[in-house]
Amino acid sequence: MSVDAAALQHAIERLRAASSICVLSGAGMSAESGIATFRDALSGLWARFDPAQLASPEGFRADPSLVWRWYAERRAAVRAAQPNAGHHALAAFAKRHPGRLTLVSQNVDDLHQRAGNVDTIRLHGDMLEDQWLDACPRAMSCDTAWAAPTVPPRCEACGNLVRPGVVWFGEALPFVALQAAEQAARSCQAMLVVGTSGVVWPAAGLAAQARRAGAFVIIVNPDASDIDGDAQLHLPDTAARLLPLLLDSL
Ligand code: BV8
176 MSVDAAALQH
186 AIERLRAASS
196 ICVLSGAGMS
206 AESGIATFRD
216 ALSGLWARFD
226 PAQLASPEGF
236 RADPSLVWRW
246 YAERRAAVRA
256 AQPNAGHHAL
266 AAFAKRHPGR
276 LTLVSQNVDD
286 LHQRAGNVDT
296 IRLHGDMLED
306 QWLDACPRAM
316 SCDTAWAAPT
326 VPPRCEACGN
336 LVRPGVVWFG
346 EALPFVALQA
356 AEQAARSCQA
366 MLVVGTSGVV
376 WPAAGLAAQA
386 RRAGAFVIIV
396 NPDASDIDGD
406 AQLHLPDTAA
416 RLLPLLLDSL
């Protein structure tokens, strides 16, 4: 897939002119690092499951060991992966232009952070973190580090289960992160939407918020997405190929 040179130049000029840039990344950002996108994460063994079912409190309570094993496989893939040229282009730009780029991510891997974007706004949490499924009924709350090595790990004192530190379907996004993301979307001059199908809300609404507030919205995605209508420009190519071309000269 190649991008029209004039469209690429137009995007570069818009980004060059923007004093504040908001980037919204999705699972496609990590595809070239070898991490399956969210909807592709159900290939092979997991093909017969619905991601929204597995990635939900109900799905976990219904079969904790199944969901825990799904996350264990995804965690291993993240730990084996490396940030790609797209992650590095974003981190290098943020370093050259302190305070000019706000990175908002739907991703639960740590590749933006390992590339250097340590202040990423994380809308859906961190898959490498553990937390308790329920509040501990005991006065001194149990520590996930002491959990029994069952699948999933469990508190031997109160039976609490350990779960991944992500936002599941049906769970509210972290209030502070969502507020910061909406503020960045409404105040940027340009928004780069990278590698998201625009299916999952409320993250998917950020591009429309930016557009309504007057931002120039650019989508980087080899395929069509549900939010193409919110963008003035769609560059149909990949994150690792396009982000260096868009940002390295700025
Ligand atoms: C909530 C963690 C309310 C888990 C994830 C309207 C408003 C509000 C809510 C809703 C609404 N409509 C529906 C809802 C409910 C629901 C929802 O959105 N459902 C969808 C299925 C319709 N939303 C929620 O439940 C949210 N919570 O609203 O709570 C509330 C309020 C108060 C009190 C209680 C409740 C929570 C949503 C968060 C879910 N958790 N992740 C986990 O990962 O295991 S979301 C999950 O999907 C991942 O984080 C992933 O990042 C995210 C979004 O998907 P994408 O990133 O877009 O990935 P996808 O695979 O879909 O697409 C990849 C794209 O990349 C493709 O377009 C592809 O073409 C492209 N691509 C591929 N390769 C490349 C590439 N692009 C560039 N380069 C490449 N190389």
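Numbering (our numbering) for the sequence shown: 176 to 425.
A virtual CB, placed ideally from N, CA and C, is assigned to each residue, including glycine.
Looking at the secondary structure, which residues open and close the beta strand (DSSP E) in which Ile393 lies? Phe391 to Val395
Beta-carbon proximity of Ala323 to Ala356, cut-off 9 Å: The answer is no: Cβ separation not under 9 Å.
Could you pull out every unbroken beta strand (DSSP E) segment of at least 3 residues lying fully inside the segment 270-314, listed in chain order? Complete beta strand (DSSP E) runs here, min 3: 276-280 and 300-307.
Quick one: measure Cβ to Cβ for Pro339 and Met302, integer angstroms, because I've assumed they're closer than 8 Å. 5 Å
Considering only C-alpha positions, which residue in the set Trp343, Ala211, Leu417 and Ser280 is nearest to Leu308? Trp343
Beta strand (DSSP E) segment containing Val178, residue limits: Annotation for Val178: no beta strand (DSSP E) segment contains it, and DSSP assigns it neither H nor E.
Does the segment 247-262 come into contact with the segment 277-292, if we say contact requires no fewer than three beta-carbon pairs (one atom in each stretch) closer than 8 Å? yes
In chain order, what residues of the same chain lie with their CB nearer than 7 Å to the CB of Ala182, ignoring the 5 residues before and after it? Leu408 and Leu410
Contact check, Cys363 vs Ala383, beta carbons under 9 Å: no
Please look up how many angstroms separate the CB atoms of Leu265 and Val368, rounded, as I've assumed it's under 8 Å. Between Val368 and Leu265 the Cβ distance is about 13 Å, and since that is not below 8 Å, they are no contact.
When we look at the beta-carbon of Ala332 and count the other beta-carbons within 10 Å, is it buried (16 or more) or exposed? exposed
Tell whether a beta-carbon distance below 9 Å holds between Arg297 and Ala222. No. Outside cutoff.
Using the beta-carbon count (16 or more within 10 Å), is Phe235 buried or exposed? buried
Locate the alpha helix (DSSP H) running through Val242, then write down its first and last residues. Pro239 to Ala255
Test item: CB-CB of Leu420 and Ile187 under 9 Å: yes
Does any heavy atom of the ligand BV8 sit closer than 8 Å to the C-beta of Ala360? no
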